[in-house]
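Going by the working numbering, the sequence shown opens with residue 13, and the numbers climb by one from there.
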Amino acid sequence: MNGEEFLRALDLISKEKNISKDIIIDGMKQALSTAYRKNNSKTNVRVDFNETTGEFKVMSYLVVVDEYLEPTYEYDDEGKEIEIPPEIPRDAQILLSDAKKEVPDIKVGETIEKEVTPANFGRVAAGAAKQVITQRMREAEKDAVMSEFADKQDEMAVGMLAMEDQRNYYVDLGSARGILPKKDMIPGEEVKMGSSIKVYITKVEAGTKGPLILLSRKHHGFVKRLFESEIPEINDGTIMIAGVAREAGYRSKVAVYSTNDNIDAIGSCIGAKGSRIGNILKELNGEKVDLVAFNSDPVEYIKNALSPAKDVIVSIVDEKEKKALAIVNNDNLSLAIGKKGLNVRLASRLTKYTIDVKTMEQINEEANK
């Protein structure tokens, strides 16, 4: 590849792949410098590029010094001696007295340069160009994917189940693949390869082979995003989600309120004949969802959160420690607590209060002990 061919290829790749010419040229300089040093064992060289001819040249240089700069030494925390190399490599230094033999009026700090481009450098440059361009294209593609997904964390996405192994499903998200651990699936649900699937993006970070995108269907944020996608009033701000508490596969509690007194938040989420909530429940594989009316008064909020229990009397035991006592009758005790304590546990997560559920009989018995 001669200079003109390289310039044409550089221009074409830069436009097609949207990679800066400077990035490719810098990569070429680094690769050619490394190749030259490997074959010549010299450190005092640099590679120059002529933007007009498209040619690369290897230049050796010597920096003029008063006296040779030597390494210095320091000691680490363990007392081990560490060598600090001089700012200018030893073979890149030339004494002023020797430099004046070549350039009589030269001064300390100036350089003597000479072209040392090998005869076979065009072949080396062609090989380096292929390697650098391929590498830069991969890096550019990684950067583009990272840029696309950088702000997608905590959002919902729709992809296709592409493959699976023992621990994970791999979801095709278009320009990238996300990892959906099987432990982050909704318990009991079954999926088929090639089918469309909704997922919640829990993490996006740069990896050595490209962005690492972790997905979940078990995360409580998945429920929140489902509500946002199904309920237009949530998207336009008429209805707000105050919180979500979830035990995937069993039950979720979603607290909502309306910013418009004329609109019923819970009714809007349910939809005509349960159409809206029905779509959400279908996506959740039959997981139960309790819609809770949010209230800024913690007493009322806790009452609502303990649904389906009724006739609940709530008192705040410790506001600072956020502890509350919920008193229910015998008929509502099991409903308030829920199977294996699930209902009260979710209500506590939702309201951010530790809730102790008791009947009046239990309170009296404790008082008489």
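In this text, a Cβ means the ideal position worked out from N, Cα and C, and glycines have one as well.
(1) According to the neighbour-count rule (16 or more other Cβ atoms, all chains shown, within 10 Å of its Cβ), is P223 buried or exposed?
(2) So, helix, strand or coil for E160, using DSSP?
(3) Going by DSSP, what residues sit across from S228 in a beta bridge?
(4) Out of curiosity, what's the CA-to-CA distance linking P83 and N14?
(5) Hey, quick one: how far does the beta strand (DSSP E) through L74 stretch, first residue to last?
(6) Could you give the DSSP three-state label for T84: helix, strand or coil?
(7) Buried or exposed, going by whether 16 or more other CB atoms sit within 10 Å of the CB of M204?
(8) Jot down the residue ranges of each uninterrupted alpha helix (DSSP H) in the segment 230 to 272, minimum 4 residues, whole runs only, in chain order.
(9) Does DSSP classify M40 as helix, strand or coil?
(10) Cα-Cα, which of S207, S208, P199, K230 is closest to T214?
(11) Tell me the DSSP bridge mates of V183?
(12) Here's the rule I'm using: 16 or more other beta-carbon atoms within 10 Å means buried, otherwise exposed. How should G39 be labelled?
(13) Please state the DSSP three-state secondary structure of M205.
(14) If we ignore side chains and look at the alpha-carbon of each, how far apart do L74 and D60 end up?
(15) Can you check whether the CB of K315 is closer than 8 angstroms to the CB of Q334?
(16) Counting pairs of beta carbons, one from the segment 302 to 319 and one from the segment 264 to 276, are three or more of them closer than 8 angstroms?
(17) Run through the DSSP bridge pairs and tell me what D323 is partnered with.
(18) For K33 versus L44, is the C-beta distance shorter than 8 angstroms?
(19) Starting from L296, trace the beta strand (DSSP E) both ways and give me its first and last residue.
(20) Would you tell me roughly how many angstroms separate the C-alpha atoms of I198 and Q165, rounded to the nearest one?
(21) Please say whether V128 and G47 have beta carbons closer to each other than 8 angstroms?
(22) Measure the CB-CB distance between V324 and A336 and report whether it falls below 8 angstroms.
(23) Please list the terminal residues of the continuous beta strand (DSSP E) segment that includes N107.
(24) Under 8 angstroms, do N344 and K322 count as touching if we go by C-beta distance?
(25) Could you give the DSSP three-state label for K50: helix, strand or coil?
(26) Does DSSP put T64 in a helix, a strand or coil?
(27) Using a Cβ-Cβ cutoff of less than 7 angstroms, which residues in the same chain neighbour S360 once the five nearest sequence positions on both sides are dropped?
(28) Name the one or two DSSP bridge partners that R58 has.
(29) Can you tell which of V326, D155, R102 has its C-alpha closest to the C-alpha of N30?
(30) In whole angstroms, give me the CA-to-CA distance for K221 and L358.
(31) From Q42 to M71, what distance separates their C-alpha atoms?
(32) Identify the continuous alpha helix (DSSP H) that holds T366 and give its terminal residues.
(33) Are the CB atoms of G261 and E217 within a distance shorter than 8 angstroms?
(34) Count the CB pairs spanning the segment 131 to 145 and the segment 109 to 116 that are closer than 8 angstroms, and state whether there are at least three.
(35) Determine, using beta-carbon pairs with one atom in the segment 229 to 245 and one in the segment 171 to 184, whether at least three such pairs fall under 8 angstroms.
(36) For a test of the three-state rule: what should DSSP assign to K335, helix, strand or coil?
Judging by the given coordinates:
(1) Around the Cβ of P223, a 10 Å sphere holds 16 or more other Cβ atoms; the residue is buried.
(2) Helix.
(3) S228 is bridged to Y212.
(4) Taking the straight line joining both Cα atoms gives about 42 angstroms.
(5) Run containing L74: 68 to 77, per the beta strand (DSSP E) assignment.
(6) Here T84 sits in strand by DSSP.
(7) Residue 204 is actually Lys in this sequence, not Met. Looking at its Cβ environment, which holds fewer than 16 other Cβ atoms inside 10 Å, K204 is exposed.
(8) List check, alpha helix (DSSP H) in window: 232 to 242, 244 to 247.
(9) Three-state DSSP puts M40 in a helix.
(10) Here the closest residue by C-alpha is K230.
(11) According to DSSP, which records beta bridges pairwise, V183 is partnered with L173, G190.
(12) G39 is buried by the Cβ-count criterion.
(13) It is coil, neither helix nor strand.
(14) Straight across, the Cα-Cα distance linking L74 with D60 is about 16 angstroms.
(15) The question names Gln, but residue 334 is Lys in the sequence shown. No, the pair does not count as a contact, with Cβ atoms beyond the cut-off.
(16) The segment 302 to 319 is in contact with the segment 264 to 276.
(17) BP columns for D323 are empty, so no partner.
(18) Cβ distance not < 8 angstroms, so K33 and L44 don't count as in contact.
(19) Per DSSP, L296 belongs to no beta strand (DSSP E) and is neither H nor E.
(20) Their backbone Cα atoms lie some 20 angstroms apart in a straight line.
(21) It is worth fixing the name first, because residue 47 is Ala in this sequence and not Gly. No, the Cβ-Cβ distance between A47 and V128 is not below 8 angstroms.
(22) Going by C-beta atoms, V324 is not nearer than 8 angstroms to A336.
(23) Here residue 107 is Leu; the residue named in the question, Asn, does not match the sequence. If you look at L107, you'll find it in the beta strand (DSSP E) that goes 105 to 107.
(24) One thing to note: N344 has its Cβ within 8 angstroms of the Cβ of K322.
(25) Note: K50 maps to helix in three-state DSSP.
(26) Per DSSP, reduced to three states, the secondary structure at T64 is coil, with no helix or strand assignment.
(27) The beta carbon of S360 sits closer than 7 angstroms to the beta carbons of T366, I367 from its chain, once the five residues preceding and following it are set aside; these are given in chain order.
(28) R58 is bridged to M71.
(29) Looking at the Cα atoms, D155 is the closest of the given residues.
(30) Rounded to whole angstroms, the gap between the alpha carbons of K221 and L358 is 39 angstroms.
(31) CA-to-CA, the gap between Q42 and M71 works out to about 13 angstroms.
(32) Counted as a single uninterrupted DSSP element, the stretch harbouring T366 is not any alpha helix (DSSP H) but the beta strand (DSSP E) occupying residues 366 to 371.
(33) In this structure, the beta-carbon distance from E217 to G261 does not fall below 8 angstroms.
(34) Too few Cβ pairs lie closer than 8 angstroms, so no.
(35) Contact between the segment 229 to 245 and the segment 171 to 184 is absent, because fewer than three Cβ pairs lie under 8 angstroms.
(36) Strand.
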